[in-house]
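Okay, structure first, notes after.
Protein chains: 2
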Amino acid sequence: MSIAERKQEEKQEMHKHILNGARKIFLEKGYEKTSMRNIAQEINYSPGSLYFYFRDKSEIFHELHKEGFRLLLNQLKVLEKVGDPFERLKASGRVFIQFARENKDYYNLMFIVDEPVKESLPEGFQIGEEAISYMQGMVKECQQKGKFKDMDTEYFTFLIISVVHGICALFCKHRNTSFTGKTDDELMENGYEAFVALLEKS
Amino acid sequence: MSIAERKQEEKQEMHKHILNGARKIFLEKGYEKTSMRNIAQEINYSPGSLYFYFRDKSEIFHELHKEGFRLLLNQLKVLEKVGDPFERLKASGRVFIQFARENKDYYNLMFIVDEPVKESLPEGFQIGEEAISYMQGMVKECQQKGKFKDMDTEYFTFLIISVVHGICALFCKHRNTSFTGKTDDELMENGYEAFVALLEKS
DNA sequence: TTGTTTTATTGAACACTGTTCTATAAATTT
DNA sequence: AAATTTATAGAACAGTGTTCAATAAAACAA
Chain A
1173 MSIAERKQEE
1183 KQEMHKHILN
1193 GARKIFLEKG
1203 YEKTSMRNIA
1213 QEINYSPGSL
1223 YFYFRDKSEI
1233 FHELHKEGFR
1243 LLLNQLKVLE
1253 KVGDPFERLK
1263 ASGRVFIQFA
1273 RENKDYYNLM
1283 FIVDEPVKES
1293 LPEGFQIGEE
1303 AISYMQGMVK
1313 ECQQKGKFKD
1323 MDTEYFTFLI
1333 ISVVHGICAL
1343 FCKHRNTSFT
1353 GKTDDELMEN
1363 GYEAFVALLE
1373 KS
Chain B
1173 MSIAERKQEE
1183 KQEMHKHILN
1193 GARKIFLEKG
1203 YEKTSMRNIA
1213 QEINYSPGSL
1223 YFYFRDKSEI
1233 FHELHKEGFR
1243 LLLNQLKVLE
1253 KVGDPFERLK
1263 ASGRVFIQFA
1273 RENKDYYNLM
1283 FIVDEPVKES
1293 LPEGFQIGEE
1303 AISYMQGMVK
1313 ECQQKGKFKD
1323 MDTEYFTFLI
1333 ISVVHGICAL
1343 FCKHRNTSFT
1353 GKTDDELMEN
1363 GYEAFVALLE
1373 KS
């Protein structure tokens, strides 16, 4: 089975190779403006060959989608050592926002563009559900320590996610140019800190 | 100049007629999946003729974009009679969320899809800036009455917009199916009320 | 080493897209 | 009645995602 193994490895390498080309183009031009021919050209392949490795364009995109989540979750992982759940919760929001700022294109692919998410739901957004229950776990911990006692756990979790996503979504669409004299970074950071201040008063 | 006037009116009617067909298709299928041929077919016209009335596809879309804003602003207008700025602010959020819920497709066209916004910026997002300064005005009023005194006006306004938009954006992408046992409506409403509760404690 | 079967790869083809342009018909003006 | 403007249609262009038959290369069987 040595040859079969090598074959499989080669196929995986080609898989990665396509993904590398696709990532570059996708992050450069976004989903809609990236064509299969663009990707093929990037790695000097024929367009048809891509379909030997991927079902369709959305499957390629979806791999990158998952990649983005892995990246984000890795950055959140360093917060595991933060003992106090409220501190951890606050820091999670900061890390999330920082991720969106530093990886605007990934964030777009992960949370804004929705073309291919619909079809590939089954295993597709499981990782998103994990993220939600991760947040919900932190909120519960906080509540066990006396914070946000009078809040419904689910609604409150949904609110927190909404706040953070709202900040990032506005940033990604650069709809926030209307705030004069403040940079995007300042708005996101201080906007979030305003929310933290509200939480702390609660 | 009577004939010229009639001509102009006829042209405006055709303009509207195209817009009506386009609105139907756009709201049915979204921006990307709507083609000029779809729109032309809807009103039994040739694709090329659309370009006699509109520069391109994005211009048609942009008219509907503005239409959505007019709709939303009309619904917000009824809140003018609410005297207390904090009550008005809270109600504005509710109206906004209700608008997104009842007009998911418009909301998508207005705040999520970004294809044509880039090019048509000049007069294009002025209406968005107005909305922001409207919000900021309310926040200022609240502050003059002693509410949120220790908050920076701009950041706090940005936060509020982020909260509301975040809730609506999650709803529009139905990314919130991961919350078991709660409907979208419940999540949006009670998620927002959780935020209101935070504001009231402040 | 042959012949046979998998495995990859290509490039043409299909049906679509937004947009442009020419030809033409209709309406208006001269 | 002739000339001119206005409006419409439909073909054409370059692009899209995707499919498919032909083919080359590699692996396996004899």
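Quick mapping for you: the protein sequence lines, in order, are chains A and B.
Throughout, my numbering is defined as the position within the first sequence, counted from one, plus 1172.
Throughout, my numbering is defined as the position within the second sequence, counted from one, plus 1172.
Note that CB positions come from ideal geometry on N, CA and C, so glycine has one too.
Can you tell which of the options has its C-alpha closest to the C-alpha of residue i?
i: A/Ile1215; options: A/Lys1201, A/Leu1281, A/Lys1196 and A/Met1307; result: A/Lys1196
i: A/Tyr1279; options: A/Ala1263, A/Gly1240 and A/Gln1180; result: A/Gly1240
i: B/Cys1340; options: B/Gly1309, B/Asp1324, B/Lys1319 and B/Ile1284; result: B/Ile1284
i: B/Ile1254; options: B/Lys1229, B/Met1310 and B/Phe1226; result: Contrary to the premise, residue 1254 of chain B reads as Val rather than Ile in this sequence. Nearest C-alpha to B/Val1254: B/Met1310.
i: A/Lys1317; options: A/Tyr1327, A/Ala1194, A/Phe1351 and A/Glu1259; result: A/Glu1259
i: B/Lys1321; options: B/Cys1344, B/Ile1232 and B/Ser1374; result: B/Ser1374
i: A/Leu1281; options: A/His1234, A/Glu1181 and A/Glu1252; result: A/His1234
i: A/Asn1275; options: A/Lys1354, A/Arg1209 and A/Leu1236; result: A/Leu1236
i: A/Tyr1223; options: A/Ile1190, A/Lys1205, A/Glu1252 and A/Glu1200; result: A/Ile1190
i: A/Thr1355; options: A/Arg1273, A/Lys1205 and A/Asp1277; result: A/Arg1273
i: A/Glu1194; options: A/Lys1179, A/Asp1324 and A/Ile1211; result: The question names Glu, but residue 1194 of chain A in the sequence shown is Ala. Of the listed residues, the one whose Cα sits closest to A/Ala1194 is A/Ile1211.
i: A/Glu1122; options: A/His1187, A/Asp1277, A/Lys1183 and A/Arg1242; result: Summary: the structure shown does not reach residue 1122 of chain A, with chain A confined to residues 1173 through 1374, and so no result is reported for it.
i: A/Gly1353; options: B/Lys1205, B/Glu1361 and B/Thr1325; result: B/Thr1325
i: A/Asn1192; options: A/Gln1213, A/Glu1252 and A/Met1323; result: A/Gln1213
i: A/Lys1201; options: A/Glu1185, A/Glu1181, A/Asp1277 and A/Lys1238; result: A/Asp1277
Would you mind sorting residue i into buried or exposed? The rule is 16 or more other CB atoms within 10 Å of its CB.
i: B/Ser1207; result: exposed
i: A/Tyr1306; result: exposed
i: A/Glu1372; result: exposed
i: A/Lys1290; result: No answer about A/Lys1290 holds up, because its pLDDT of 46 lies below 50 and its placement is not dependable.
i: B/Glu1302; result: exposed
i: A/Lys1229; result: buried
i: A/Gly1220; result: exposed
i: A/Thr1329; result: buried
i: A/Lys1143; result: Outside the shown range of chain A (1173 to 1374) lies residue 1143 of chain A, about which nothing can therefore be said.
i: A/Phe1198; result: buried
i: B/Ala1369; result: buried
i: A/Glu1177; result: exposed
i: A/Leu1293; result: With a pLDDT of 46 at A/Leu1293, under the threshold of 50, the predicted position of this residue should be treated as unreliable, and no value is reported.
i: B/Gln1308; result: buried
i: B/Asp1357; result: exposed
Can you tell me whether DSSP reads residue i as helix, strand or coil?
i: B/Met1307; result: helix
i: B/Asn1210; result: helix
i: A/Arg1227; result: coil
i: A/Gly1202; result: coil
i: A/Tyr1217; result: coil
i: B/Thr1325; result: helix
i: B/Lys1354; result: coil
i: A/Phe1343; result: helix
i: A/Lys1317; result: coil
i: B/Asp1256; result: coil
i: B/Val1250; result: helix
i: B/Ser1374; result: coil
i: B/Leu1293; result: Low per-residue confidence applies at B/Leu1293: pLDDT is 45, beneath 50, and the placement is therefore not dependable, though the value from the model is reported in the following sentence. Note: B/Leu1293 maps to helix in three-state DSSP.
i: A/Asn1275; result: coil
i: B/Val1285; result: coil
Under 8 Å by Cβ, that's how I've got residue i and residue j pegged, so tell me the actual separation to the nearest angstrom.
i: A/Tyr1364; j: A/Arg1266; result: 7 Å
i: A/Phe1271; j: A/Leu1244; result: 5 Å
i: A/Pro1257; j: A/Cys1344; result: Wrong, their Cβ atoms sit about 28 Å apart, outside the cutoff.
i: A/Ile1332; j: B/Phe1351; result: So it is not a contact: roughly 12 Å between Cβ atoms.
i: A/Tyr1327; j: B/Leu1359; result: 7 Å
### Query
Would the segment 1334-1341 of chain A and the segment 1231-1249 of chain A be scored as touching if the rule is three or more Cβ pairs under 8 Å?
no
### Task
Indicate whether the contact test is met: 3 or more Cβ pairs, each with one atom in the segment 1259-1273 of chain A and one in the segment 1364-1373 of chain A, closer than 8 Å.
yes
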